[in-house]
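**Q** Per our numbering, the sequence shown starts with residue 7, numbered consecutively.
After the structure tokens below, expect a handful of questions from me.
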Amino acid sequence: MVLFQAQVILAADSSIPADVAINSYHFQIYPQGQFLAIPEISIEQLITGERELDIDENGIHGDLCDFYVSIGEFLSIDINAAASRIKWYNLEEPEPRVPLLELPMKPFVTANSSLPAEIAIVSSFEALPLNGVRQSTRRNRVYLGPLSQEVVGFSNNAARVPAAVQTAITDAASNLALNSFDQPRWTWVVYSPTTGASTPVQRGWVDDAWDSQRRRGIEASTRTNWVQDAEPGEPEEGQE
């Protein structure tokens, strides 16, 4: 059993390195299956899906990419899908770590519009509660974005995330969790750096409140200045 972090990097069309959106997911990988009862497959093959993987022939990378393919219509035109990638880190290696693999994402089609890059939708997920363990250590979230104007267009109330968008995201997350449980080679997990524990993701939700990720604000590319050329004048009589 090996714990991996998948760092999803959505690149920006601006080509400015700072203009990227990053989210992290965690997976337990079992090269010989959870019960060591099936032929061993290398970690690289399990991630990439380069050979038949029992029921799941897509590989973990493919299944995670499918999540983004499913929600592509909600993502901003400012995302450069062709340059987006996922870095796969073995968390059992010492820090500083280098990725075992850095793979391009599957092609996904974004919308033809954009909202400010800071706006995000939160997709939360967690393991089932356990007696004696704080649930906050068994819960995690990702901040989906940058987003498109199409997200707002699903409803007349732009103050809330539309229900149709919430449902589409929860369906995509539920499908990733299903693929996780549908085969014996890997599991999508919540990893807690506090406790060091990793537990299977079994449920999740998307709230209808927008979130803001200030660090995703794009770097300025132009600046418009103004100058007041008039000289300070003496106040008129009666003015101070």
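Cβ atoms here follow ideal geometry from the backbone N, Cα and C, with glycine treated the same way.
Treat the numbers as computed from the prediction; the structure is a model and nothing was measured.
Work out the CA separation of I66 and F73 for me, nearest whole Å.
**A** Locating residue 73 in the sequence shown gives position 67, counting from the first residue. Locating residue 66 in the sequence shown gives position 60, counting from the first residue. Cα-Cα distance, rounded: 11 Å.
**Q** Terminal residues of the continuous beta strand (DSSP E) containing T193?
**A** Taking the first residue of the sequence shown as 1, we reach residue 193 at position 187. Segment W192 to Y197, the beta strand (DSSP E) holding T193.
**Q** So what does DSSP say about R221, is it helix, strand or coil?
**A** Position 215 of the sequence shown, counting from 1, holds the residue named residue 221. If DSSP states are grouped into helix, strand and coil, R221 belongs with the helices.
**Q** Between which residues of its own chain and A165 is the CB-CB distance below 6 Å, once the five residues before and five after are set aside?
**A** Along the sequence shown, one-based indexing puts residue 165 at 159. Counting only Cβ-Cβ distances below 6 Å, and skipping sequence neighbours, we find nothing.
**Q** Give the range of the alpha helix (DSSP H) segment to which T173 is assigned.
**A** Numbered from 1 along the sequence shown, position 167 holds the residue referred to as residue 173. It spans A169 to F187 - the alpha helix (DSSP H) in which T173 sits, taken as one unbroken run.
**Q** If we count the other Cβ atoms within 10 Å of its Cβ and call it buried at 16 or more, is D84 buried or exposed?
**A** What you label residue 84 is simply residue 78 of the sequence shown in a count that begins at 1. Flag for D84 reads buried.
**Q** Restricting to Cα atoms, I'd like to know which of E46, F10 and L81 is closest to Y149.
**A** Sequence index remark: in the sequence shown, residue 149 carries index 143 (1-based). Y149 has its Cα closest to that of L81, out of E46, F10 and L81.
**Q** Could you tell me the alpha carbon to alpha carbon distance between T143 and V233, rounded to whole angstroms?
**A** Within the sequence shown, the letter at position 137 stands for residue 143. Within the sequence shown, the letter at position 227 stands for residue 233. Those two C-alpha atoms are separated by around 53 Å.
**Q** What residues are listed by DSSP as bridge partners for T205?
**A** Along the sequence shown, read from residue 1 onward, the residue named residue 205 stands at position 199. V196, per the DSSP bridge assignment.
**Q** By the DSSP assignment, the alpha helix (DSSP H) with F73 in it spans what residues?
**A** Locating residue 73 in the sequence shown gives position 67, where the first residue counts as 1. Run containing F73: G65 to S76, per the alpha helix (DSSP H) assignment.
**Q** Compute the distance between the beta-carbons of G151 and A24, then report whether it is under 8 Å.
**A** For the purposes of this step, residue 151 is taken as residue 145 along the sequence shown, with counting starting at 1. For the purposes of this step, residue 24 is taken as residue 18 along the sequence shown, with counting starting at 1. No, the pair does not count as a contact, with Cβ atoms beyond the cut-off.
**Q** If you compare alpha carbons, which of M7, A18, Y95 and A12 is closest to R222?
**A** Counting from one through the sequence shown, the residue named residue 222 turns up at place 216. Of M7, A18, Y95 and A12, the residue nearest in Cα terms is A18.
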